[in-house]
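**Student:** Protein chains in written order, with our numbering: chain X, 7 to 785; chain A, 41 to 202; chain V, 1008 to 1291.
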Amino acid sequence: MQHAGKTGHARLEDERLLRGQGRFVDDLDVPDLLHVVFLRSAYAHARIGKIDKSAAEKIVGVHAVLTLADLKEVLTCERLPAATPASAIHFHVDPCILVKDEACYVGEPIAMVVADTRAIAEDAAALIEIDAEILPAVTEIRAGLSPDSPRTRLDQPDNCVARWTIGYGDCESAFAKAAHKISASFELHKGGAIPMEGRGLLARPDPLDGVLTVWDSTQMPHRVKRVLVTTLGLNENQIRVIAPDVGGGFGPKGPVYAEEVAVSAAALLLQKPLKWIEDRYENFISTNQERDQYWDVEGAFDADGRLLGIRGTLLHDHGACTPSGIQLPQNSTTNLIGPYILPTYKLDVSLCLTNKTPTTSTRGAGRPQGTFVMERLLDRMAAKLGIGRDEIRRRNLIPADALPYVTQVLTRDGLPMTYDSGDYPECQRRALEAAGWHDFLARQKAAREKGRWIGLGLSNYVEGTGRGPFETASLRIGPSGKILVASGAASQGQGTSTMLAHIAAKVLGVRPEVIDVTCGDTHAIAMGLGAYASRQTVTAGNALHAASLEIAQKIKQTAAHLLEVSADDLELRDSFVQVKGVASMKKSFGEIAKTLSGNAGFALPGGMKPGLFAAVDFEPPAITYTNGTHLAEVEVDIRTGHIKITRYVIVHDCGNMINPQIVEGQVLGGVVHGISATLFEWIRHDAQGQPLTVSLADYLLPTAHDVPRIEIHHMESPTPLNPLGVKGAAESGTIGAPAAIVSAIEDALAPLKIEINQLPVTPQRLQKLIRKAQAGGSP
Amino acid sequence: MDERIITIEVNGKQYRLKVPVRENLADFLRHRLHLTGTHTGCEHGVCGSCTILLDSRSVRSCLILAVQCDGRSVRTVESLADAAGKLDPLQDAFSRHHALQCGFCTPGVLMTLVELRENADPSEINEDMIREKLSGNLCRCTGYQGMVDAALETLSRPDKRL
Amino acid sequence: MKAAGFGYHRPETMAELLTLLADLPDARIIAGGQSLMPMMNFRVAMPQHLVDIEKIDGLDSINLRDGIVQIGAMVRQADALASPVIKENCPVLADAIAHIGHQQTRNRGTVGGSLCHLDPASEIPLVCALLDAQLYIASRRGTRIMNFRDFAVAPLTTSLAEDEILTHIDLPICDPDTRHGFREYARRSGDFAVVAVATHLRFAGETITEARMAFAGLGTIQARADRLEMFATSQKLSPALIDKLAQEAAQMPAESDLHHDADYKRHLAACLLREVLERILRHG
Ligand SMILES: Cc1cc2nc3c(=O)[nH]c(=O)nc-3n(C[C@@H](O)[C@H](O)[C@H](O)COP(=O)(O)OP(=O)(O)OC[C@H]3O[C@@H](n4cnc5c(N)ncnc54)[C@H](O)[C@@H]3O)c2cc1C
Ligand code: FES
Ligand code: FES
């Protein structure tokens, strides 16, 4: 595979963004624009009575104060049809578009103010008076699942919104014959996505053409459109959703939120363009997050440390609604298996509704937790057997010749989870070599003699990428000769346009810069899904690849007629089709397009079909699995508990790479997200469900000074599942990080025999473990 | 509403405008002057995406009122390319080193680094110093490495690079 | 997240300023705005009037006289950090300021603002506690001078009256017989301290003749640790003394907050103090 990137071109997106000419939602301005502020629930659980808007309405500059009752005129339903289906779910919880009578988390939108400026709208929102009767709140999942717990929502039978068992094989017998067992309990927290740009939208009804245009900071514009069509009762041609430049997504900008419907509805109601921009406080309380999982697990091994089975339970905090079904905990349970042979498996999973912000996937999407559990079990077994952490993995890794490897669990699409390509043992071998694993013991010994506590940790993982069902891409060349690409894919910084341009450019023999790519606009292409599950290179990339091949073929065939040569003698170069080696015999793409656009009454040459246009839906036959090995080196200051990551090495295999620089960027960002989740990010609440970490001063993200330089090495095992042989890379960095870092910390502190069972690993938590160990186990 | 007329130089251009006193400089630049390159990622002083140069010093434009800038001079990301539109070497290096993904944090990061370039001795600029100076700019996409490399290449003496 | 409305005043003379402070209801001084503006954007603070003191002459100078470093309240933290006068005569302050926030916040944030805001984890109040800074406070009623100890009432609470302004502070210069130390533990580069310690020891030969030790971040106000100082005075700095002081530090009163509990903070206080003292012992 020939690479762009380092050796080739800068991203097409860069120049605009570097000049400060990006177009993020809040950068857009239209005449007569009004601003929306939401009044949100101040309580985790409350019955909402009368809402007195009168004082707010009197403020100069306020145009409207709206509740659900006011929006009803333009809504077809009260609830947000958001839920992703799942048979394990006992009852779906679609929230009201604005709270009707029961608020179920702090931050749930109750009313909206429309005013000349955001500041005035905030002034008015503070004057809205609400009769609220505070109800008991469910804030902890173990308590929430007990039968005598108060209920998260009064209309639900209990808090256990879903429960299922994942597993296969005879786990009981495996445990009965096991030579060794390891049991462990983990409290794994993962924070929010916290993109630097929050959510937000601008909705503008146009009386001239009757179209409502919505510029939305979303990962999935076509899904937003679908929900708006449903909730507003409009036709598909009356709504256009555009995702302009989006300042990061990382998961939670995938689901559709009440605010998107409410602002669009209010724009229709008032016939005014409206803008709502989520501020950072709102982002912390109202955008979906990940939060807590409690795992109680047991691993069975044979005498050599080969896995015989894993069993246990997983409790998951689901928040107040079910915006993404069960996919987040489901990913955790399947990703636990990772690149290992796991003969038997049984995990009981319970999802607890809580009076907290709803949860959905954030970068990594539950997989880091599953990987963490498996990797911890392996490390602990290795310690018990006195063998290397690398060795126990070698004994359990799926050998290269076993791929494609069919596991015994099913993925969401109902197919067996099948690892398509890769060489896991080789990946680990290269990573160990790159990180100096075999010399490390000596270095560690020398450091310990100087009183320094250093450790090296590793983890292996897989990442299911390129999820279906499909993605679309189209390619069009008109008489202007301009190559126009459109796709249902959407970008939040991944360089999707560049990636698509590179794919089409290569097939059409042009420079990527001459291609005009439109992503994330429902008017540019009728169908599409967008960004989730590290999928767009796989799905949109292959769709466009096929469309490009079709157009290239058609250009050649048409030119063959015009130039009276065989199509096989033609080549495409710099927007021309020419006879190989005879540069003077050529036609421009524009001329070909003009020919195919026809002349009234005349036949097209050679019976060609009209137009240079192709649209392809690529339906990936199955999920394709990226894999990798992470090695983290840390130094622990045992007095403060401070953890410094001193080195980080990754060997990464995502099949063929269209643009290695973009792949590396995805992996780097992913790793830092993983470091952050391991050491810094922690969403806190008080016992009443009040969020406590609502500023970037209290919710910590690492700075440039807190992260190491990261070394990435690539393997390229092309997948047989798509013509480009590509796999996704966007979440991979995050998945391996917590397990590798914690492995390193435990290694550094091995003389103290410390076991880390909680994420995040804060200095305080770690220091307490250290002191406990130093005191010989008693606190 | 309390309003004031201010005179302010932004990117070399003089403006005289009436502003509500409660309007911060970030909102003033973005919504009154339509210089939307300066972003606001938190409005409470932590993320750094609103960083601009006020009389050549980097400041959080979300934590200063437009009225406080009466009579002063501001530079934003929009000032970096030269009159002919050619990118600043830092901007160019950012692109080559893939120092930006979504680009939301980028303008603030660039302005922080411009201040560093204008004030520090290139022989003192090394990776650690760049990382420390960038500690006031959060980025959620890149993991910082590309911007550190771009800064090293453009701002430091060759022997201080990796 | 937009500030509520307020009236804005930018007096050009001290007299004008003091009149405004005396006459306006619910007026708040704005200095660098690095603490006040976030609170206003969050609407945690909603003053009716803001009085900007940037234009007042004479509040932003750093002077050396009679064994005293005098620092104006409006001296920007970045300028204080870059000041050779402070570096040479009050190095502990320079060390402390290097730990405050980021370049962008130090470019605006002021020495006086940090003192008046009085976050219990702040570095400048820590140094002022350590060195018994004298604070100059002006109002239309006159000028008063106050020891930091009397100024700092409680976390986020000073003894300033509504019509008063802090104009400058006096810190004693560190003479050749003194050794200072500063250590801070913060989660990330630029964060407020979890715990910070500052020390100032005067020696006659090997014997400590004057011991000053102060802590920030324990949740209580920045203050000298009298008990520890008592143990150290007239002693030789030795590993045994350091052990003893660290043990005492681990018993100090502390308060838990969202991120760190009292136990961990006390532990850090002991560790950081030990580090500082061991360094002094090693390097003399
Ligand atoms: C991201 C970030 C990180 C930070 N990190 C730290 C840190 O690590 N350590 C730290 O100590 N601080 C830190 N700060 C806060 C620091 O930057 C502020 O500068 C300081 O707390 C307040 O100083 P100011 O000049 O900005 O005051 P302002 O915010 O203008 O005012 C603060 C308060 O003091 C009052 N006031 C100010 N000056 C006077 C005066 N002369 N007389 C009477 N009253 C006055 C005001 O009325 C207000 O109540 C941080 C801030 C940010 C945004
Ligand atoms: S918006 Fe100003 S620092 Fe975040
Ligand atoms: S590039 Fe997206 S936040 Fe930095």
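Using N, Cα and C, we set each Cβ at its ideal position, and we do this for glycine too.
Fair warning: this is a prediction, and the values are worked out from it, not measured in the lab.
Using a beta-carbon distance below 9 Å, is Ala1211 of chain V in contact with chain X?
**Tutor:** To locate residue 1211 of chain V, count along the third sequence from 1; it is residue 204. No, its Cβ sits nowhere closer than 9 Å to a Cβ of chain X.
**Student:** Is Thr1112 of chain V helix, strand or coil when you go by DSSP?
**Tutor:** In the third sequence, counting from the first residue as 1, residue 1112 of chain V sits at position 105. DSSP places Thr1112 of chain V in helix when its eight states are reduced to three.
**Student:** Which first and last residues belong to the alpha helix (DSSP H) in which Leu150 of chain A is found?
**Tutor:** Position 110 of the second sequence, counted from the start, is the residue given in the question as residue 150 of chain A. Per DSSP, Leu150 of chain A belongs to the alpha helix (DSSP H) from 146–159.
**Student:** Could you tell me the distance, in whole angstroms, from the CA atom of Thr1150 of chain V to the CA atom of Leu1125 of chain V?
**Tutor:** Numbered from 1 along the third sequence, position 143 holds the residue referred to as residue 1150 of chain V. Numbered from 1 along the third sequence, position 118 holds the residue referred to as residue 1125 of chain V. Cα-Cα distance, rounded: 21 Å.
**Student:** Assign Gly173 of chain X to one of three DSSP states: helix, strand, or coil.
**Tutor:** For the purposes of this step, residue 173 of chain X is taken as residue 167 along the first sequence, with counting starting at 1. Here Gly173 of chain X sits in strand by DSSP.
**Student:** Report yes if the CB atom of Thr76 of chain A is closer than 9 Å to the CB atom of Asp33 of chain X, and no otherwise.
**Tutor:** For this step, residue 76 of chain A is matched to residue 36 along the second sequence. For this step, residue 33 of chain X is matched to residue 27 along the first sequence. Yes, these two residues count as a Cβ contact at 9 Å.
**Student:** Among the candidates V:Val1082, V:Pro1018, V:Asp1030, V:His1109, whose CA atom is the shortest distance from the CA of Thr709 of chain X?
**Tutor:** Counting from one through the first sequence, the residue named residue 709 of chain X turns up at place 703. Selected option, being the one with the closest Cα: V:His1109.
**Student:** Taking Ala92 of chain X as the reference, which of X:Val144, X:Arg169, X:Leu39 has the closest Cα?
**Tutor:** Numbered from its first residue, the first sequence carries residue 92 of chain X at position 86. Of the candidates X:Val144, X:Arg169, X:Leu39, the one whose C-alpha sits nearest the C-alpha of Ala92 of chain X is X:Arg169.
**Student:** Check the Cβ of Tyr1015 of chain V against every Cβ in chain A and list those closer than 9 Å, keeping chain order.
**Tutor:** Position 8 of the third sequence, counted from the start, is the residue given in the question as residue 1015 of chain V. Those are Asp42, Arg44, Val61, Arg62, Leu105, Val107, Gln108, listed as they occur along chain A.
**Student:** With 16 other CB atoms within 10 Å as the buried threshold, where does Ile134 of chain X fall?
**Tutor:** Counting from 1 along the first sequence, the entry for residue 134 of chain X is found at position 128. A residue is called buried when at least 16 other Cβ atoms come within 10 angstroms of its Cβ; Ile134 of chain X meets this threshold and is buried.
**Student:** Sort X:His324, X:Glu128, X:His228, X:Gly204 by Cα distance to Glu63 of chain X and report the nearest one.
**Tutor:** Position 57 of the first sequence, counted from the first residue, corresponds to residue 63 of chain X. Minimum Cα distance to Glu63 of chain X is reached at X:Glu128.
**Student:** Cα separation between Pro405 of chain X and Pro349 of chain X?
**Tutor:** Position 399 of the first sequence, counting from 1, holds the residue named residue 405 of chain X. Position 343 of the first sequence, counting from 1, holds the residue named residue 349 of chain X. Distance between Pro405 of chain X and Pro349 of chain X, taken at the CA atoms: about 15 Å.
**Student:** Could you work out which residues of chain V lie near Gln800 of chain X, taking near to mean beta carbons separated by less than 8 Å?
**Tutor:** In the structure as shown, chain X begins at 7 and stops at 785. Residue 800 of chain X is therefore absent and cannot be evaluated.
**Student:** Using a 10 Å radius around the Cβ and a threshold of 16 neighbouring Cβ atoms, would you call Asn177 of chain A buried or exposed?
**Tutor:** Translated into positions along the second sequence, residue 177 of chain A becomes position 137. Buried, because 16 or more other Cβ atoms sit within 10 Å of the Cβ of Asn177 of chain A.
**Student:** For chain V, is any of its Cβ atoms less than 9 Å away from the one on Cys15 of chain A?
**Tutor:** Coverage of chain A is limited to positions 41 through 202, which leaves residue 15 of chain A absent and any answer about it impossible.
**Student:** Am I right that Ala718 of chain X and Tyr467 of chain X are in contact with their C-beta atoms under 8 Å? What's the rounded C-beta distance?
**Tutor:** Position 712 of the first sequence holds residue 718 of chain X. Position 461 of the first sequence holds residue 467 of chain X. The residue you asked about is not Ala; residue 718 of chain X is Ile in the sequence shown. Not a contact, Cβ separation roughly 15 Å.
**Student:** Measuring only from the beta carbon, is Arg180 of chain A closer than 8 Å to any heavy atom that is part of ligand 3?
**Tutor:** Here residue 180 of chain A is taken as the residue at index 140 of the second sequence, counted from 1. Because some heavy atom of ligand 3 lies under 8 Å away, the Cβ of Arg180 of chain A counts as near it: yes.
**Student:** Check whether the Cβ of Phe68 of chain A lies closer than 9 Å to any Cβ atom in chain X.
**Tutor:** Translated into positions along the second sequence, residue 68 of chain A becomes position 28. Cβ-Cβ to chain X under 9 Å: no for Phe68 of chain A.
**Student:** Please list the residues of the segment 277–296 of chain X that have a C-beta atom closer than 7 Å to any C-beta atom in chain V, keeping them in chain order.
**Tutor:** Asp285, Arg286, Tyr287
**Student:** Can you list, in chain order, the residues of the segment 164–178 of chain A whose Cβ is nearer than 7 Å to any Cβ on chain X?
**Tutor:** Result list: Arg171, Glu172, Leu174, Ser175, Leu178.
**Student:** Go through its chain and collect everything with a Cβ distance to Leu1284 of chain V's Cβ below 6 Å, but skip five positions before and after it.
**Tutor:** Residue mapping note: residue 1284 of chain V aligns to position 277 of the third sequence, counting from 1. Once the five neighbours on either side are set aside, the close Cβ partners of Leu1284 of chain V are Ile1249.
**Student:** Under 9 Å, do Leu72 of chain X and Ala199 of chain X count as touching if we go by C-beta distance?
**Tutor:** Here residue 72 of chain X refers to the residue found at position 66 of the first sequence. Here residue 199 of chain X refers to the residue found at position 193 of the first sequence. Contact check for Leu72 of chain X against Ala199 of chain X fails: the beta carbons are separated by 9 Å or more.
**Student:** Is Glu242 of chain X a contact residue of ligand 1, with contact defined as CB to any heavy atom under 8 Å?
**Tutor:** If you number the first sequence from 1, residue 242 of chain X lands on position 236. No, since every heavy atom of ligand 1 falls outside the 8 Å radius drawn around the Cβ of Glu242 of chain X.
**Student:** Taking 6 Å as the limit between beta carbons, can you name the residues of its chain near Glu1217 of chain V, skipping five residues before and five after?
**Tutor:** Taking the first residue of the third sequence as position 1, residue 1217 of chain V is located at position 210. Excluding sequence neighbours, Glu1217 of chain V sits near Arg1209.
**Student:** Whole angstroms are fine: how far does the CA of Arg1281 of chain V sit from the CA of Arg645 of chain X?
**Tutor:** Mapped onto the first sequence, residue 645 of chain X falls at position 639. Mapped onto the third sequence, residue 1281 of chain V falls at position 274. Cα to Cα, Arg645 of chain X sits roughly 10 Å from Arg1281 of chain V.
**Student:** List in chain order: all unbroken alpha helix (DSSP H) runs of 4+ residues lying wholly within the segment 1155–1183 of chain V.
**Tutor:** 1155–1158
**Student:** Shorter than 9 Å from the beta carbon of Ser47 of chain X to some beta carbon of chain V?
**Tutor:** For the purposes of this step, residue 47 of chain X is identified with residue 41 of the first sequence, where counting begins at 1. So, not an interface residue.
**Student:** Near Thr504 of chain X, what residues of its chain come up, given a Cβ to Cβ distance below 6 Å and the 5 sequence neighbours on each side ignored?
**Tutor:** In the first sequence, residue 504 of chain X corresponds to position 498, counting from 1. Around Thr504 of chain X: Arg17, Leu18.
**Student:** With a threshold of 8 Å, are at least 3 pairs of Cβ atoms found where one atom belongs to the segment 1102–1122 of chain V and the other to the segment 99–108 of chain A?
**Tutor:** yes
**Student:** With distances taken between CB atoms, is the gap from Ala750 of chain X to Leu462 of chain X smaller than 9 Å?
**Tutor:** Counting from 1 along the first sequence, the entry for residue 750 of chain X is found at position 744. Counting from 1 along the first sequence, the entry for residue 462 of chain X is found at position 456. Yes, these two residues count as a Cβ contact at 9 Å.
**Student:** DSSP three-state label for Leu18 of chain X, please.
**Tutor:** As a working note, residue 18 of chain X is residue 12 in the first sequence. Looking at Leu18 of chain X - three-state DSSP - the assignment turns out to be coil, as it is neither helix nor strand.
**Student:** Confirm the yes/no value for this check: CB of Pro147 of chain A, any heavy atom of ligand 3, distance under 8 Å.
**Tutor:** For the purposes of this step, residue 147 of chain A is taken as the residue at position 107 of the second sequence. Pro147 of chain A: no, Cβ never under 8 Å from ligand 3.
**Student:** Indicate whether at least one CB of chain A lies closer than 9 Å to the CB of Val713 of chain X.
**Tutor:** As a working note, residue 713 of chain X is residue 707 in the first sequence. So, interface residue.
**Student:** Just list the residues that DSSP pairs Tyr1015 of chain V with in beta bridges.
**Tutor:** Working through the third sequence from its first residue, we reach residue 1015 of chain V at position 8. Tyr1015 of chain V is bridged to V:Leu1057.
**Student:** Take Gly536 of chain X as the anchor and find which of X:Leu334, X:Val247, X:His567, X:Lys650 has the nearest alpha-carbon.
**Tutor:** Taking the first residue of the first sequence as 1, we reach residue 536 of chain X at position 530. When each option's Cα is compared against that of Gly536 of chain X, the closest is X:Val247.
**Student:** Identify every residue that forms a DSSP beta bridge with Lys512 of chain X.
**Tutor:** Start at 1 with the first residue of the first sequence, and residue 512 of chain X comes out as number 506. DSSP lists no partner for Lys512 of chain X.
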